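Novice:
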Amino acid sequence: MPLNDKLLKNIKPTLKRYEIADSGGLSIRISPNGNITFQYRFRIEGKQSRMDFGSYPDISLAEARELHRLARNEVSLGKNPIEEKRERTLLDKRSITVTDLVDEFMAKEIRGRLKRKRPDYADSILRNQIIPTLGHKKAKDISRRDIIDLLEKIVSRGAPVMANRTGSLTKQMFTFAQARGWIEVSPCANLTKSSIGGSEKPRDTFLSYQQIWKFWHGLPKASFNESLKVCLKILLATGQRRGEIILGEWSHISFEKGRWTIPASLSKNGKEHTIQLTPLTSSLFMQLKELAGASRYMAPSPVSQDDTPISERAINHAITRSKDIFGIENLTPHILRHTFSTKLSGLGVAPHVIEKLLNHQLGGMLAVYNHHPYYKERKEALHLWSKTLVDICSAKDIESVMAEPDLIEAAESL
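Counting with the numbering used here, you get residues 64 to 477 for the letters of the sequence shown.
1. Where does Ser187 sit, in a helix, a strand or coil, going by DSSP?
2. Considering only the beta carbon of each residue, do Leu410 and Leu447 sit closer than 8 Å?
3. If you reduce the DSSP assignment to three classes, tell me which class Tyr292 lands in.
4. Work out the CA separation of Leu71 and Ile99 for me, nearest whole Å.
5. Tell me where the beta strand (DSSP E) around Thr229 begins and ends.
6. Beta-carbon separation of Asp186 and Arg376 under 8 Å?
7. Can you give me the C-alpha to C-alpha distance between Val293 and Gln350, rounded to a whole angstrom?
8. Take Asn96 and list the residues in its own chain whose beta-carbon comes closer than 8 Å to its own, dropping the five residues that flank it on each side.
9. Keeping to the same chain, check which residues put their C-beta closer than 6 Å to that of Phe168; ignore five residues upstream and five downstream.
10. Spell out the partners DSSP gives Phe105 in its beta bridges.
11. Return the chain-ordered list of same chain residues with a C-beta closer than 7 Å to the C-beta of Cys251, the five sequence neighbours on each side being excluded.
12. In angstroms, rounded to a whole number, what distance separates the CA positions of Lys386 and Leu164?
13. With DSSP as the reference, please indicate the residues paired to Gly117 in a beta bridge.
14. Assign Asp85 to one of two classes, buried (16 or more other C-beta atoms within 10 Å of its C-beta) or exposed (fewer than that).
15. Could you check if Thr152 is buried or exposed, using at least 16 other CB atoms within 10 Å of its CB as the buried criterion?
16. Could you tell me how far apart the beta carbons of Gln303 and Ile325 are, in whole angstroms, since I believe they sit closer than 8 Å?
Written as structure tokens, this is what we have:
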């Protein structure tokens, strides 16, 4: 039965909250303390939402129906009336702060339209680099000088790469704000790497056999989470990305078939990727499984009350805190991936096989005509690398580590 004023005036509360429908998704919600709230339930993109219009009698039935009519029109156009209302509020007040802008940008652009698979890195940069300095200011009042000053401070503390990352994200964020009319002109217009942190010079991005020995034997001495130590060994043994194991689930592993299948939702290129297990990697995953207990995740968070994976950043922080133990400059999880690729090449593995192992797209005409998966060659390469790793790490001391193939060839050519 449709709502009417007489009904609204005579409503009695009960011990439990209940609702009375009007039409088209409009209804009232009556709480045990007698509060009557007009609400609209709607579904958009398959997800049900609820929008509150206000309380009776502060809002009349006629006003609630008009608000409902406007909201239904927005839903019919594929718009979310809750988001539209929030955006209008920000635009009308012209008071959106940089903190507000970060929230909107992360929700609607990074996690929304772009659907970044791993948005935490972007969120961390904006909240740690931008908000402490500019968060309280109105977005429309931010000048180009404000941005340059902030980025120069990051460079001055010896982090030009972080300055470049921050500048790139900030530029995207203010372009997002300009497109929505929250600011007239982006303060980051024409901002380039040369005006921020400069070009990023390549550095040594792989480990020698002796450094691999130091890394492997340094892990037991490190004070961070045991699961992370095993994850790092797996990254070196397989060449995969940190997020693919940190966010990995045990459903991705088949010990019976000897496979680790990384789903498209976790891979950088959006394509499912299969890695054949070797005796070494199978043993490492068994260790990880024992440490994970009943968790569905390969590396569950040790602090969360819910079953959630550990933060991707945790693995970087762990290495940074323990760099004195490893004695390796600029060590990162990604260097382990570079090491895997470089050392396989030194062992004579064909480039296209290495590219397939890394889940890279083959370049040039190979990408057009060659769709062979190279499973056999990939399996052989993984077994070769696992055997090499075992030989390296089994040495009794660093001086006993086997010579590298390229060094042997160089010596024989003298």
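Backbone N, C-alpha and C fix where the C-beta goes; we use that ideal spot for every residue, glycine too. Fair warning: this is a prediction, and the values are worked out from it, not measured in the lab.
Specialist: Reading off the structure:
1. helix
2. yes
3. Note that residue 292 corresponds to Lys in the displayed sequence, not to Tyr. Looking at Lys292 - three-state DSSP - the assignment turns out to be helix.
4. 8 Å
5. Counting along the chain, Thr229 falls outside any beta strand (DSSP E), though it belongs to the alpha helix (DSSP H) covering Pro223 to Ala242.
6. no
7. 7 Å
8. Once the five neighbours on either side are set aside, the close Cβ partners of Asn96 are Pro76.
9. Cβ within range, chain order: Met236 and Phe239.
10. Ser112
11. Taken in chain order, the residues that qualify are Ile210, Thr233, Lys234 and Phe237.
12. Rounded to the nearest angstrom, the two C-alpha atoms are 36 Å apart.
13. DSSP links Gly117 through a beta bridge to Phe101.
14. buried
15. exposed
16. 7 Å
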